[in-house]
Amino acid sequence: MAARKATKKPNVSKDELLAYYREMLLIRRFEEKAGQLYGMGLIGGFCHLYIGQEAVVVGIEAACEEGDKRITSYRDHGHMLACGMDPKGVMAELTGREGGYSKGKGGSMHMFSKEKHFYGGHGIVGAQVPLGAGLAFADKYLGNDRVTFTYFGDGAANQGQIYETFNMAALWQLPVVFVIENNQYAMGTSLQRASSTPELYTRGAAFGIPGEAVDGMDVLAVKAAAEKAVARCRAGKGPYILEMKTYRYRGHSMSDPAKYRTRDEVQKVREERDAIEHVRELLLGGKHASEEDLKAIDKEIKAIVNEAAEFSKESPEPSLDELYTDIYASA
Ligand SMILES: Cc1ncc(C[n+]2csc(CCOP(=O)(O)OP(=O)(O)O)c2C)c(N)n1
Ligand SMILES: [Mg+2]
Numbered sequence: 001m002a003a004r005k006a007t008k009k010p011n012v013s014k015d016e017l018l019a020y021y022r023e024m025l026l027i028r029r030f031e032e033k034a035g036q037l038y039g040m041g042l043i044g045g046f047c048h049l050y051i052g053q054e055a056v057v058v059g060i061e062a063a064c065e066e067g068d069k070r071i072t073s074y075r076d077h078g079h080m081l082a083c084g085m086d087p088k089g090v091m092a093e094l095t096g097r098e099g100g101y102s103k104g105k106g107g108s109m110h111m112f113s114k115e116k117h118f119y120g121g122h123g124i125v126g127a128q129v130p131l132g133a134g135l136a137f138a139d140k141y142l143g144n145d146r147v148t149f150t151y152f153g154d155g156a157a158n159q160g161q162i163y164e165t166f167n168m169a170a171l172w173q174l175p176v177v178f179v180i181e182n183n184q185y186a187m188g189t190s191l192q193r194a195s196s197t198p199e200l201y202t203r204g205a206a207f208g209i210p211g212e213a214v215d216g217m218d219v220l221a222v223k224a225a226a227e228k229a230v231a232r233c234r235a236g237k238g239p240y241i242l243e244m245k246t247y248r249y250r251g252h253s254m255s256d257p258a259k260y261r262t263r264d265e266v267q268k269v270r271e272e273r274d275a276i277e278h279v280r281e282l283l284l285g286g287k288h289a290s291e292e293d294l295k296a297i298d299k300e301i302k303a304i305v306n307e308a309a310e311f312s313k314e315s316p317e318p319s320l321d322e323l324y325t326d327i328y329a330s331a
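With UniProt numbering, letter number 14 in the sequence shown gets 14, and the count goes up by one each step, no holes.
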């Protein structure tokens, strides 16, 4: 991945930059804490961290309006935090406790919030993509101008159901933005080894769905691209593809020894393209904030994350009666 092009005086306010800084930092510190709790045996099962990819979801959310929907894969903690779900409820779900979003019965990959229009959290690769088109269909049917953001990975982009979805989404001109989070790897397989065409943003061409590649490590670039895509959808012009060029710093999941890439590769991205560092430089360089201001934000975020971790340890395990609830929908 090429180093970031120098950003010329971006047209963005101090408050916006501070908000993006805070939101990305919350995701990173939350994920670091989740990694620690996993190491301590407090989180079981699978746990896929989002560290490195923060600018994607924060930039997309900056272009959303109330009522817009989002749906994603199992790498979902960042998406939940960015759309305003409570860090305590997310962390308690990770530890399998009653105070979690799915009452401790779903875990990392299965959380939802109707209030925040977050539709999961899906463990089957690509499964959320047709569901995302379905959400967009519902909005079109109801005649409102809401948009659904359907996220999936570079690995998922090679699945058959993605193309069935592209066909119907284009045919029905659905208000859906397909966000491909191209973090270069699908488990231990690099995009170069698994994909006949690495330009994933062109994958809708056969269906007449336009797309573009975006520097997914630059929150401002992500926001600008998302605003364009969303305006197009709201105007009834149908689906759009945004391929976010991003990178995950940690393994695929907590149990990944990451033998398929070198430490230098990861280190280089951290040094040259880190999304949080980028905004930090814009804040300091533009004299919008001092080192002290940023330290105070860091402290504030750590307190939120520590509070979530404490809650996730203190909340009780779900009672045995819960084995029999939430199985069938009640009319
Ligand atoms: C249908 C299906 N096949 C295989 C798997 C196993 N699996 C889990 S994640 C994954 C890789 C997906 O990679 P990508 O779409 O790039 O997303 P990322 O993990 O990088 O966010 C695979 C093969 C699965 N969960 N579901
Ligand atoms: Mg991937």
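All C-beta atoms, glycine included, are put in the ideal place defined by N, C-alpha and C. In this text, all values refer to a predicted model and were calculated from it rather than measured experimentally.
For R70, the enclosing beta strand (DSSP E) stretches over residues 69 to 71. Fully enclosed alpha helix (DSSP H) runs of no fewer than 4 residues occupy 54 to 61, 77 to 82, 87 to 94 of the region 52 to 123, in order along the chain. Straight-line spacing of the CA atoms in Y151 and M40 works out to 30 Å. A55 counts as buried, since at least 16 other C-beta atoms from the protein chains shown sit within 10 angstroms of its C-beta.
Set against 7 Å, the gap from the CB of I124 to the closest heavy atom of ligand 1 is smaller. For G132, the enclosing alpha helix (DSSP H) begins and ends at 128 to 142.
Those residues that have a beta carbon less than 6 Å away from any non-hydrogen atom of ligand 2 are, in order along the chain, G153, D154, G155, N183, Y185, A186.
Around the beta carbon of E243, 16 or more other beta carbons sit within 10 angstroms, so the residue counts as buried.
For V230, the CB contacts under 6 Å within the same chain, skipping 5 residues up- and downstream, are A63, V147 in chain order. Within a 10 Å sphere around the beta-carbon of M187 sit fewer than 16 other beta-carbons, which makes this residue exposed.
Closer than 7 Å to some heavy atom of ligand 1: that does not describe the Cβ of R250. Relative to the non-hydrogen atoms of ligand 1, the Cβ of S73 comes within a distance shorter than 7 Å of at least one.
Exclusion of the five residues before and after A221 leaves V214, D215 as the residues of its chain whose Cβ lies within less than 6 Å of its Cβ. Between ligand 1 and E271, a heavy atom-to-CB distance of less than 7 Å is absent.
Residue environment analysis places N306 among the exposed positions, since fewer than 16 neighbouring C-beta atoms fall within 10 angstroms of its C-beta. Runs of alpha helix (DSSP H) with 4 or more residues, each lying fully within the region 177 to 238, are found at 191 to 194, 219 to 234, listed in chain order. Segment contact: the region 250 to 266 against the region 284 to 296, fewer than three CB-CB distances shorter than 8 Å; contact not assigned. Between the region 306 to 319 and the region 91 to 111 there are three or more inter-stretch CB-CB distances shorter than 8 Å, so the stretches are counted as touching.
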